[in-house]
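K.L.:
Pasting in a structure now, in structure tokens, and then I'll have a few things to ask.
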Amino acid sequence: MSLKVYNTLTGKKDEFTPLEPGKVGMYVCGPTVYDTSHIGHARSVVIFDVVFRWLKASGYDVSYVRNFTDVDDKIIKRANETGTDPIALSEKYIDEFHNEMDALNVLRPTIEPKATEHIQDIIDFIGQLIEKGKAYHVEGSDVFFSIASFDGYGKLSHRNPDDMIAGARIAVDDNKRNPMDFTLWKPAKPGEPAWESPWGPGRPGWHIECSAMSNRYLGQSFDIHGGGKDLIFPHHENEIAQSEALFGKQFVKYWIHNGFVDINNEKMSKSLGNFTMIKDVLVKYHPEVIRLFLLSKHYRSPIDYNENSMDEVIASLDKIYSFMARAKKAGVPMKTPGEVVEYSEEDEVMGTDGEDWEAFKAGMDDDFNSARGMATIFDTVKKGNKILDRNPEALHYLEKDRLEVICSDLQKMGNILGILSQNPEAYFKAKKEAGLADGNIDPSEIDKLVQERMDARKSKDFARADEIRAQLDEMNILLEDGPAGTTWKFS
RNA sequence: GGCGGCUUGGCCAAGUGGUAAGGCGACGGCCUGCAAAGCCGUUAUUCUCCGGUUCAAAUCCGGAAGCCGCCUCCA
440 MSLKVYNTLT GKKDEFTPLE PGKVGMYVCG PTVYDTSHIG HARSVVIFDV
490 VFRWLKASGY DVSYVRNFTD VDDKIIKRAN ETGTDPIALS EKYIDEFHNE
540 MDALNVLRPT IEPKATEHIQ DIIDFIGQLI EKGKAYHVEG SDVFFSIASF
590 DGYGKLSHRN PDDMIAGARI AVDDNKRNPM DFTLWKPAKP GEPAWESPWG
640 PGRPGWHIEC SAMSNRYLGQ SFDIHGGGKD LIFPHHENEI AQSEALFGKQ
690 FVKYWIHNGF VDINNEKMSK SLGNFTMIKD VLVKYHPEVI RLFLLSKHYR
740 SPIDYNENSM DEVIASLDKI YSFMARAKKA GVPMKTPGEV VEYSEEDEVM
790 GTDGEDWEAF KAGMDDDFNS ARGMATIFDT VKKGNKILDR NPEALHYLEK
840 DRLEVICSDL QKMGNILGIL SQNPEAYFKA KKEAGLADGN IDPSEIDKLV
890 QERMDARKSK DFARADEIRA QLDEMNILLE DGPAGTTWKF S
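So in my numbering, spot 425 of the first sequence is number 864, and the numbers just go up one at a time.
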């Protein structure tokens, strides 16, 4: 089975065939670093992180470029408002972004170029567009791209320029030859960051940055370009216009766009004041809970962030880790977090890939269907639990082998989704500690009560035992009596 | 006004022509002193509605209703 990818350009799922066998060039629009990142940024980044992981796991040599837009009107505006230097401001938010993405177990892309470090590339790009008659400089104003010079304008967003002009809600700039022409280079006002150029001191427009940087690192044509759905128009449409007008060949083969995150069924917006920042979500939930949530729905659909959904995801992740803990206790070898569980052709040849991995693979190959992948994970856990239930004390060696395959599959799947990267013990220990800190609870108190209850049970004083259990329940502590004694956790 | 998307059980959510995955919840059972966890079983004759195509449709076509997004900075 081979990979199929929904392509915004063609409007259907296309068979994925890279331009160069075995290699993939992928560019994803990164953030404009003028503010703290929100859960919507996290979704985009996590989704493309999974795409990146899946392509690598499928054996491709992937060059993954994700840029930072670090010069922009919004950055300058924010810098002026806060009295900071624009460069320092963007640096701050780049650091923040990195910290948050690291926390979310997002792999670093191959290259993370910044617009400000590619000004010369941008200037060269614009210069060539002007030479080719695809762009023009208006004296005392901007350099504009001329959409009339590019036949394919509108092919990504599936609209035609005339319709767009008719419905345009923007004030038309008299300097433009066509209302839909867009800025490539913009003159700087006094005090604004500026770079020297043949068109006077100024700064690049937003769209040209991505064309210039993708060309620098991935060439004139590459395989995948991604970003949020909102970027389809105008940003990606404009990138196509710039790059294809200059190079005369197809810019990108597959365009992938992710859907938005809603908050309690409302769009995130300034007016609603419901911007949900990654750092706040990270305080409330385990990073893997956040990832699992973001991947629980198909990447193209909108997803709703709300407490109920998050609680369900917590239960799901607990369930998976509980199984891992059980399996480990039963003596099934579990890879440690340091050992990366990668897909390999060797496994396939050796037959150590289980049926569950195959099922997962089918889901991921079908347009990165992580929701389907999650269903497979639960199936896998159920199979494993069933074996452990049958014979928890002394596993037959065949059962042990079977469990080994199940656990290996499970960890491979987790590795693609970027979850299950912890030891189960560490996972539950961290959870416990968070609960203790939250409720300001002294663990020795609990241990004392648990011990007292165990003694009560031994002497068949079940009334007392239940009383203690009820008492702990009020502290949201749940007891589990097992063959090896009583354990507790936060509910 | 233009373009696009969505509507699946109590909730979340897969499924794009062959007879409804999975999760949460609920209920019954096994297990347990009782629970919890885990496992087993039950929980959509049906996929917003109305027509049509087809041997066969949640899936394709036409129409209606509701919701949402983009067209302006936006993941």
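By construction, the Cβ of each residue, glycine as well, lies at the ideal position given by its N, Cα and C atoms. Small disclaimer: the values here were computed from a predicted structure and weren't measured.
Can you look up residue 606 in the DSSP assignment and give me helix, strand or coil?
P.N.:
For the purposes of this step, residue 606 is taken as the residue at position 167 of the first sequence. Summary for residue 606: the model assigns pLDDT 49, below 50, so the residue's position carries little reliability, and this model does not support an answer.
K.L.:
Report the three-state DSSP secondary structure of residue 863 (helix, strand or coil).
P.N.:
Within the first sequence, numbered from 1, the residue matching residue 863 stands at position 424. Residue state, collapsed to three classes: helix.
K.L.:
Run the CB neighbour count on residue 460, radius 10 Å, all protein chains shown included, and call it buried at 16 or more, exposed below.
P.N.:
Here residue 460 corresponds to residue number 21 of the first sequence, with the count starting at 1. By the 10 Å Cβ count, residue 460 comes out exposed.
K.L.:
Taking the C-alpha atoms as reference points, what is the distance between residue 537 and residue 728?
P.N.:
Residue mapping note: residue 537 aligns to position 98 of the first sequence, counting from 1. Residue mapping note: residue 728 aligns to position 289 of the first sequence, counting from 1. C-alpha separation (whole angstroms): 19 Å.
K.L.:
Skipping 5 residues on each side, what residues in its chain have a beta carbon closer than 6 Å to that of residue 918?
P.N.:
Locating residue 918 in the first sequence gives position 479, where the first residue counts as 1. The answer, listed in chain order, is 908, 925 and 927.
K.L.:
If contact is defined by three or more beta carbon pairs under 8 Å, each pair taking one atom from either stretch, is the segment 514-527 in contact with the segment 494-502?
P.N.:
Taking 8 Å as the limit for Cβ pairs, the verdict is that the segment 514-527 does not touch the segment 494-502.
K.L.:
Looking only at DSSP bridge pairs, what is residue 813 linked to?
P.N.:
For the purposes of this step, residue 813 is taken as residue 374 along the first sequence, with counting starting at 1. Its beta-bridge partners do not exist; DSSP assigns none.
K.L.:
Determine whether the beta carbon atoms of residue 767 and residue 673 lie at a separation below 8 Å.
P.N.:
Counted from its first residue, the first sequence places residue 767 at position 328. Counted from its first residue, the first sequence places residue 673 at position 234. Their beta carbons are not under 8 Å apart, which means residue 767 does not touch residue 673 by this criterion.
K.L.:
Within the segment 537-611, note down every full alpha helix (DSSP H) run reaching 4 residues or more, in order along the chain.
P.N.:
Whole alpha helix (DSSP H) segments, 4+ residues: 558-570 and 600-606.
K.L.:
With a floor of 4 residues, list each alpha helix (DSSP H) that falls wholly inside the segment 458-503, ordered by position along the chain.
P.N.:
DSSP runs (the alpha helix (DSSP H)) wholly in the segment 458-503: 478-496.
K.L.:
Would you please state the rounded distance, in angstroms, between the beta carbons of residue 861 and residue 888? I believe it to be under 8 Å.
P.N.:
Residue 861 sits at position 422 when you count from the first residue of the first sequence. Residue 888 sits at position 449 when you count from the first residue of the first sequence. Wrong, their Cβ atoms sit about 28 Å apart, outside the cutoff.
K.L.:
Check each candidate in 851, 446 and 827 and name the one with the smallest Cα separation from residue 840.
P.N.:
Walking along the first sequence from the start, residue 840 turns up at place 401. Selected option, being the one with the closest Cα: 827.
K.L.:
Just how far apart, CA to CA, sit residue 785 and residue 797?
P.N.:
As a working mapping, residue 785 is identified with position 346 in the first sequence. As a working mapping, residue 797 is identified with position 358 in the first sequence. Below a pLDDT of 50, predicted positions are generally treated as unreliable, and residue 785, at 48, falls in that range; the measurement from the model is reported next regardless. For residue 785 and residue 797, the distance between alpha carbons rounds to 14 Å.
K.L.:
Would you call the CB atoms of residue 642 and residue 651 closer than 8 Å?
P.N.:
In the first sequence, the residue the question calls residue 642 occupies position 203. In the first sequence, the residue the question calls residue 651 occupies position 212. Contact: no.
K.L.:
Which residues bound the beta strand (DSSP E) around residue 675?
P.N.:
For the purposes of this step, residue 675 is taken as the residue at position 236 of the first sequence. Note, residue 675: premise wrong, no beta strand (DSSP E); not H, not E.
K.L.:
Going by other Cβ atoms of all chains shown within 10 Å of its Cβ, with 16 needed for buried, is residue 800 buried or exposed?
P.N.:
For this step, residue 800 is matched to residue 361 along the first sequence. Counting Cβ neighbours within 10 Å, residue 800 comes out buried, since at least 16 surround it.
K.L.:
Pull up the distance between the alpha-carbon of residue 553 and that of residue 741, whole angstroms please.
P.N.:
Your numbering for residue 553 matches position 114 in the first sequence. Your numbering for residue 741 matches position 302 in the first sequence. Computed Cα separation, rounded: 29 Å.
K.L.:
Tell me where the alpha helix (DSSP H) around residue 760 begins and ends.
P.N.:
Taking the first residue of the first sequence as 1, we reach residue 760 at position 321. Where residue 760 is concerned, the enclosing alpha helix (DSSP H) stretches over 746-768.
K.L.:
Taking the CB atoms as reference points, tell me whether residue 676 and residue 595 lie closer together than 8 Å.
P.N.:
For the purposes of this step, residue 676 is identified with residue 237 of the first sequence, where counting begins at 1. For the purposes of this step, residue 595 is identified with residue 156 of the first sequence, where counting begins at 1. The answer is yes: Cβ separation under 8 Å.
K.L.:
Measure from the alpha carbon of residue 622 to the alpha carbon of each residue in 511, 484 and 548, then state which is nearest.
P.N.:
By 1-based counting over the first sequence, the position of residue 622 is 183. Nearest option by C-alpha distance: 511.
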